[in-house]
Amino acid sequence: MNQRIPLGDQMFLDDHSRALHQQIESNDGRNEICLIHKLNYDILWAIFALNADMANDIQEDIKISLSKWRPRAIITTTFATSRVCRPWRSLVLETPILWGQLVDLEYLSSITHEGREEIIKRTKDSFLSVKGEIYKGASLEFLIKFILEDWQWVQHFDVRISSKYCSALKDWSLCFTQSPVLRPFSFSGFSIGRRDTRTLSMQHHFGAVAPQLRRFSLAHPDFMIDLSALWLSQLRHLKVLYCEHPLSSWLDALSTMHLLESLQMIDAILFPPEIEMTSGLSVARLPSLREIHVFSRGLVQICAFFDHIMPAPGCCLQMQISVMPEGPSPTSEQLTFINRVLSRFLESWINTTTHVGPLELSSFESNLYISASSSDSRTLFININGVPSIIAALEAFSRCKFSDITSLSFYSEVNPANQHLASFLLRLTKVTVLEVPYPSFEGLTPENPDMSASHVPFPDLSRVVLTSLARQESQQWRDMCVRFFRWRHSMGCPIEIFDLTEAADRLKLLNFAALDAISGLQIKWTDNSGNIKTYLCGSGNVNALEHWDEIGAMADEQ
């Protein structure tokens, strides 16, 4: 077997490329007038390698002619870079590792056969990176031929294919031969026209030989992953969409994945008919798992899955539940189970992650959305739709420390007297900035204004940002807003700034003259010219809160 050059492993020019440059420079000296040619060769190599990265290539409309495609890696490398000067052109054309990174299925299947063959010939002895979409016969024909000849050299594989062509290769067995250098593998499907409904065999992936495979992604309902494959134990990242297996089979497979760092599963688990049947299943311990993203159509069922996995401390949970049509309210026993399971994940992440925030909370009678980000760019979110009384799931946060949460985006249509919502808001003692639309002021203002100051949410709150206005302004909305500010002032927790800059489009409909009585409150807004204006309530120009473009005592914010 010939030795090929791994993609991304060579960050300097090899001896062949250096010798090529020496030969070019020793010609007639004309290259010396090209100053850009004086760049260090290793810097040039790094630039060319970046240009040859297909990761950021944008999908093109198949109806647009090739000449109108936006720049992509293969075009940038073959046309732009190679035309700067002769040495650059020679370097690009004679560096196989660059061309090995540019097996762009969409582009190669859109050019002539001769052009395609010329580009493939330039890959020579390098490892290969294959990427693209199969939405027409020419692309599939090229992929089949390419896999037949060069599959053993494929190091990166990222292909989306129309369901129309999924059965064109018999069981896609060519993709399941030995893969000695394959690292990431991603195969997904989309629908265009007729769809083959039969399930294709996915047994013995890669001939059971894929020693370097670290990332595996499969997203197609017609394919089944082999959960007994030995290479599963070496994965760092696993993503499975629409390929359903029983819960017990998944737990057995996950028990072998001690190196797994991220797991994404969408409609991938078949649950037993009765959730009580999961009590005797084994627990999968995943000591390296830091992120888990799951989409399911059953809340209790997915919690049963969570109850049987033990990830690393601080594992970030991303959960999306959609029950359609809307189901019945969970029983008290089910809510206890849901809160117990979720609290383990939520407490572990929030209490071990620094600089968590901002926090976003949207609550409805049957829907709940919570999101929080951290300094390491991980985002926790829970999105539950179609589950009545789901607001009770906020109790899962009862043991979480919210000391790092200083900013909250809040929207609620839940009864303001709801004990679960009130209890959750009281835990957010460090919030200083609140983003809120009109309707949510009702949920923030108690019906009993004589309540104890210890029951005032966000005691350190200093800035309120109005994020949106009602479609039809009404006295009710304005009164509700004014009542909130007056109540905070009377409780000794006054708001310092009321920010209306995000509500500029409907500002003329507002009349906040009543706020002038709250001395010290600063109101900010944007005028018709885009300038930020401020007014200090109680300063004697109440007209400023009725006619927003009058300057009067207002001043531009510096």
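Each residue of the sequence shown is one higher than the last, beginning at 1 in this note's numbering. Ideal placement from N, C-alpha and C gives every residue a C-beta, glycine not left out. Here the structure is a predicted model, which is why all the values come from computation and not from measurement.
Expressed to the nearest angstrom, what Euclidean distance is found between the alpha-carbon atoms of G298 and A55?
Approximately 34 Å between the Cα atoms of the pair.
Please name the residue in D158, Y411, I75 and S126 whose C-alpha comes closest to that of L466.
When only C-alpha atoms are compared, the closest one is Y411.
If you run the structure through DSSP and keep just helix, strand and coil, what is Y135?
The answer is coil: DSSP assigns Y135 none of H, G, I, E or B.
So, helix, strand or coil for Q212, using DSSP?
Three-state DSSP puts Q212 in coil, outside helix and strand.
Between the C-alpha atoms of S296 and D267, what's the straight-line distance to the nearest angstrom?
S296 and D267: Cα-Cα distance of roughly 6 Å.
For D125 and P96, what's the separation of their Cα atoms in angstroms?
Going from the Cα of D125 to the Cα of P96 covers about 7 Å.
Taking contact to mean 3 or more Cβ pairs, one atom from each stretch, closer than 8 Å, check whether the region 41 to 51 and the region 87 to 106 are in contact.
Contact between the region 41 to 51 and the region 87 to 106 is present, because at least three Cβ pairs lie under 8 Å.
Going by C-alpha to C-alpha distance, which of F127, F345, L108 and S462 sits closest to E141?
Measuring from the Cα of E141, the nearest candidate turns out to be L108.
Three or more beta-carbon pairs under 8 Å between the region 428 to 440 and the region 384 to 393, yes or no?
Result no; under three Cβ-Cβ pairs closer than 8 Å.
To the nearest angstrom, how far is the alpha carbon of C303 from that of T331?
Each residue's Cα considered, the two are about 14 Å apart.
Rounded C-beta distance between S248 and L289? I'm assuming under 8 Å.
The pair is not a contact, with the Cβ atoms about 19 Å apart (cut-off 8 Å).
Can you tell me whether G132 is buried or exposed? The criterion is at least 16 other CB atoms within 10 Å of its CB, across all chains shown.
Result: buried.
Nearest to M536 by alpha carbon, out of D527, S529 and L515?
Checking the sequence, you will find Leu at residue 536 rather than Met. For L536, the nearest C-alpha among the options comes from L515.
Curious, which full-length alpha helix (DSSP H) runs of at least 4 residues does the region 279 to 349 contain?
Segments of the alpha helix (DSSP H) lying fully in the region 279 to 349: 299 to 306.
Using DSSP bridges, identify the partner residues of L434.
BP columns for L434 point to L408 and V464.
Work out the CA separation of W153 and S375 for me, nearest whole Å.
When rounded, the distance between both Cα atoms is 39 Å.
Do P184 and H156 have their C-beta atoms within less than 8 Å of each other?
Yes, the pair counts as a contact, with Cβ atoms nearer than the cut-off.
Under 8 Å between the Cβ atoms of F305 and I269?
Result yes, Cβ atoms of F305 and I269 sit closer than 8 Å.
In its own chain, which residues sit with a C-beta less than 6 Å from the C-beta of R486, not counting the 5 before and 5 after it?
Once the five neighbours on either side are set aside, R486 has no close Cβ partner at all.
Hey, how far is the Cα of M257 from the Cα of P311?
Spanning the two alpha carbons is a distance of roughly 11 Å.
Could you give the residue range of the beta strand (DSSP E) that holds Y242?
Per DSSP, Y242 belongs to no beta strand (DSSP E) and is neither H nor E.
Suppose only complete runs of 3+ residues qualify. What are the beta strand (DSSP E) ranges in the region 100 to 153, listed by chain order?
With a minimum length of 3 residues, the continuous beta strand (DSSP E) runs that stay inside the region 100 to 153 are 128 to 134.
What do you reckon, is the C-beta of I390 under 7 Å from a heavy atom of the ligand FMN?
Only the bare structure without any ligand can be found here, which leaves the ligand FMN out of the picture.
If I measure Cβ to Cβ from Q178 and keep anything under 6 Å in the same chain, skipping five residues before and after, which residues do I get?
So the list reads G207 and V209, once near-sequence residues are dropped.
Let me confirm a value: S262 is counted as buried when at least 16 other C-beta atoms fall within 10 Å, else exposed. Which label applies?
That one is buried.
Compute the beta-carbon to beta-carbon distance between A392 and H420, rounded to the nearest angstrom, for a pair I have assumed lies under 8 Å.
That belief holds up - the Cβ atoms of A392 and H420 are roughly 5 Å apart, short of 8 Å.
Among residues of its own chain, excluding the 5 on either side of S403, which ones have a beta-carbon nearer than 7 Å to its beta-carbon?
These residues qualify, in order along the chain: K430.
So, helix, strand or coil for I161, using DSSP?
Reduced to three states, the DSSP call for I161 is strand.
Can you grab the Cα-Cα spacing for the pair K163 / K239, in whole Å?
It is worth fixing the name first, because residue 163 is Ser in this sequence and not Lys. Cα to Cα, the separation comes out at about 19 Å.
Work out the CA separation of T336 and I187 for me, nearest whole Å.
Ile is not the amino acid found at residue 187; the sequence shown has Phe there. For F187 and T336, the distance between alpha carbons rounds to 39 Å.
List the residues that DSSP assigns as beta-bridge partners of T526.
Partner(s): I532.
DSSP three-state label for T81, please.
In the structure shown, T81 sits in a helix (DSSP, three-state: H, G or I).
Nearest to G540 by CA position, among P459, L232, S233 and G520, is which residue?
Comparing Cα positions, the closest option is G520.
Tell me the DSSP bridge mates of I234?
Rather than Ile, the amino acid found at residue 234 in this sequence is Gln. Bridge partners of Q234: none, in fact.
Spatial neighbours of A253 within its chain, please: C-beta separation below 7 Å, excluding the five flanking residues on both sides.
Same-chain partners within the cutoff: L227 and L232.
Would you check if the distance between the CB atom of V300 and the CB atom of I350 is smaller than 8 Å?
Cβ atoms of V300 and I350: not closer than 8 Å.
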